[in-house]
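Reading through the C-alpha cells given below for one structure.
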Amino acid sequence: MDLRLDADELNSCVQCGLCLPHCPTYRVTGDETLSPRGRIRLMREVQDGGAPITTEIVEAFDTCVQCRGCEPACPSGVPYGSLIESTRAALVTEDHVPTRLQRIGFWPLSHPRLLRFGSTMLAIAARLRLVPKRLGIPRDLPWRRRRHSTSGDDVFLFTGCVMDAWQRDVHHAAQRVLETAGYGVTPTADIAPCCGALHAHAGLGDNARRRAEATIAALSADDRPILVDSAGCGAAMKEYGHLLDTPEARAFSSRVFDIQEWLAERIDELPTVTPLAVCVAVQDPCHLRHVQRVHTATRTVLDPFVHRLIELDDDGLCCGAGGAYSVMQPELAGAIRDRKVAAIDRVSPDIVASANPGCSMHLAGGGVPTEHPMSIIDRAIRGPR
Ligand code: SF4
Ligand code: SF4
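Under our numbering, the first residue of the sequence shown is numbered 348, with each subsequent residue one higher.
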C-alpha cells in the first residue's frame with residue numbers, strides 16, 4: 348500500500364534508537380513496535396516492501412500519541428510528525444481505520460452553538476455522575492459561560508472549540524492579562540470556531556484542511572497577531588503552511604503565536620505585583636515543547652508572579668492526553684499519565700501549570716491540581732479578593 352510518504356523523509360531514519368527513551372508508548376510497554384524506530388520500520392515495510400496491513404500494524408500506528416517527543420531527540424532530523432500524520436491519513440483514506448464515530452464526534456466542533464448546548468448537557472450529566480469515569484470528563488464542567496467581549500483590535504485571541512466550551516474562564520483570564528499589558532483584544536469566538544487540530548491528529552486530513560481554510564479566511568481581513576492559549580491549537584495553526592502548502596497559509600502561520608511566547612517578549616509591559624505564595628511545577632505540553640519549541644517562554648512569564656517555579660525531572664515526557672488519545676486509548680493513556688503523576692509527586696508542587704486544555708484535564712483526572720499559566724498570572728495581578 349502506498350502511504351504517500353516522502354522517500355527522503357522516510358529514509359532519513361538510520362534506526363539508531365536514540366529516540367526510544369523519549370517515546371511514552373515505548374517507555375510504558377518496552378515494545379519496539381510501539382516505538383518511533385519500530386513504527387518507521389513498519390512504514391517502510393508497508394510502503395517499500397508491500398507488507399499487508401494487519402491489525403498489529405494498524406495498532407502500532409493507532410497507539411502513537413503523536414506527541415513528537417521523538418523529533419527533538421533525533422540526530423538525523425527525521426520529521427516523524429509529518430510521517431505519522433500522512434500514514435494515518437492514508438489508512439483512513441483506504442478504510443483501514445474506522446472513523447465514523449470520530450467523524451460524528453468531531454462534527455459539533457465547527458458548530459459552536461451545538462457544541463455549547465451539548466457541553467451543557469454533558470456538564471449536567473457529569474454532575475449527576477452519569478458519565479463513565481473512563482472517559483475522563485471533568486465533574487466541574489461549566490454549564491454557563493460568560494460572554495466574550497472585544498476590547499480592541501491590537502491582537503486576536505483564538506478561543507477555539509472545546510476549550511471555549513469547557514474552559515472559557517482561561518480565555519477571560521488571558522484577555523485580562525493582555526489588557527493589563529495595554530493591548531486591545533478581539534476574542535475570535537464563533538467567527539473561527541475550530542482550527543482542525545483534532546481532525547489532523549485523527550488522520551481526517553480533508554476535514555483538517557477545510558477547518559484550516561475556514562480559519563484563515565475568517566482571520567485574514569488584517570494582519571494582526573493571532574495569540575493562542577491552547578498549545579495544541581497553536582501548533583496546528585503554525586503548521587497550516589505545511590498542511591495547505593500555499594503562500595496564504597504560510598503568511599497566516601507566521602502571524603500565530605503561543606500567548607506565553609508572545610508575552611515573554613513583552614514581559615516588561617506586565618505590572619510588578621506581589622507573587623502568589625505558591626510553588627508551581629511547569630508541565631510542558633508536547634505541542635508547546637516538541638512542536639512549537641517555545642516552552643521556555645512559560646517559565647519567563649510565570650516566574651515574576653509566583654513564589655517558586657519547579658522543574659520536573661522527566662525531560663518533558665508526554666502526559667498521555669494527545670488530542671482524543673485518552674478517550675481512544677484509555678489504558679495506554681492512563682499508564683503514561685501514571686509516569687507523569689509520579690514525576691509531579693517527586694517535586695510536590697502546590698499547582699501544576701499546563702498551557703494545554705487536553706493535558707490539564709487529563710492530569711486533573713489523575714488527581715493533579717492544574718491551572719493554566721494565564722489564570723495563575725491573572726490571579727496574581729488581581730490580587731487577594
Ligand atoms: S527516528 Fe531518529 S533517533 Fe529514532 S531511530 Fe530513526 S534516526 Fe534514530
Ligand atoms: S510521536 Fe510520541 S508516541 Fe509517537 S513515536 Fe514519537 S515519541 Fe512515540
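Quick reminder that beta carbons are idealized off the backbone N, C-alpha and C, glycines included.
Local Cβ density within 10 Å of residue i, reported as buried at 16 or more and exposed below that
i, result
"Leu-475", "exposed"
"Met-468", "exposed"
"Gln-676", "buried"
"Phe-464", "exposed"
"Lys-687", "buried"
"Gln-362", "exposed"
"Val-425", "buried"
"Lys-480", "exposed"
"Thr-645", "buried"
"Ser-567", "exposed"
"Pro-716", "exposed"
"Leu-551", "buried"
"Trp-454", "exposed"
"Ile-451", "exposed"
"Arg-558", "buried"
"Leu-679", "buried"
"Pro-696", "buried"
"Pro-594", "exposed"
"Thr-401", "exposed"
"Ser-722", "buried"
"Gly-667", "buried"
"Leu-448", "exposed"
"Gly-396", "exposed"
"Ser-466", "buried"
"Gly-377", "exposed"
"Gly-714", "exposed"
Length of the line joining the Cα atoms of residue i and residue j
i, j, result
"Leu-438", "Val-629", "36 Å"
"Ile-488", "Ala-470", "Before going further, note that residue 488 is Leu rather than Ile in the sequence given. Cα to Cα, Leu-488 sits roughly 5 Å from Ala-470."
"His-634", "Cys-542", "14 Å"
"Phe-652", "Cys-360", "43 Å"
"Val-694", "Arg-388", "38 Å"
"Val-372", "Leu-462", "Correcting the residue identity first, residue 372 is Thr in this sequence and not Val. Those two C-alpha atoms are separated by around 31 Å."
"Pro-618", "Arg-729", "11 Å"
"Tyr-587", "Arg-493", "30 Å"
"Asp-685", "Val-575", "28 Å"
"Pro-622", "Val-524", "15 Å"
"Ile-484", "Leu-710", "11 Å"
"Glu-718", "Ile-698", "7 Å"
"Pro-540", "Phe-505", "9 Å"
"Met-584", "Tyr-672", "20 Å"
"Ser-433", "Glu-616", "42 Å"
"Leu-477", "Trp-490", "15 Å"
"Glu-403", "Val-393", "12 Å"
"Pro-572", "Ile-606", "10 Å"
"Arg-636", "Glu-608", "11 Å"
"Asp-516", "Val-502", "19 Å"
"Gly-499", "His-518", "15 Å"
"Asp-650", "Leu-656", "7 Å"
"Ala-512", "Val-674", "18 Å"
Contact under 9 Å by Cβ, residue i with residue j
i, j, result
"Ala-582", "Gln-639", "yes"
"Glu-441", "Tyr-427", "no"
"Leu-381", "Cys-366", "no"
"Arg-613", "Asp-570", "no"
"Thr-497", "Thr-533", "yes"
"Ala-663", "Ser-577", "Residue identity differs from the one stated: residue 663 is Gly in this sequence, not Ala. No."
"Val-405", "Val-444", "yes"
"Val-620", "Ala-700", "no"
"Ala-549", "Arg-386", "no"
"Cys-799", "Gly-669", "For residue 799 there is no data in the structure shown, the boundaries of the chain being 348 and 732."
"Val-509", "Leu-545", "yes"
"Pro-632", "Ala-702", "yes"
"Ile-683", "Leu-659", "no"
"Val-648", "Leu-610", "yes"
"Ala-536", "Pro-459", "yes"
"Gly-579", "Gly-712", "no"
"Arg-726", "Ala-520", "yes"
"His-654", "Val-625", "yes"
"Leu-430", "Glu-379", "no"
Which residues DSSP lists as bridging residue i, in chain order
i, result
"Pro-371", "In the DSSP output, where bridge partners are listed per residue, Pro-371 has none listed."
"Asp-701", "Inspection of the sequence shows that residue 701 is occupied by Ser rather than by Asp. BP columns for Ser-701 point to Gln-630."
"Thr-533", "Phe-503"
"Asp-605", "Val-575"
"Thr-717", "Val-699"
"Pro-657", "Reading the sequence as shown, one finds Ile at residue 657 and not Pro. For Ile-657, which the question treats as bridged, DSSP gives the partners Ala-628."
"Leu-737", "Any question about residue 737 goes unanswered here, given that the chain covers just 348 to 732."
Residue i CB to nearest heavy atom of ligand 3 below 8 Å
i, result
"Gly-364", "Looking at this structure, you won't find ligand 3 anywhere; what it does contain is ligand 1 and ligand 2."
Cβ of residue i within 9 Å of any chain D Cβ
i, result
"Leu-590", "In the displayed structure, chain D is absent; only one protein chain is listed."
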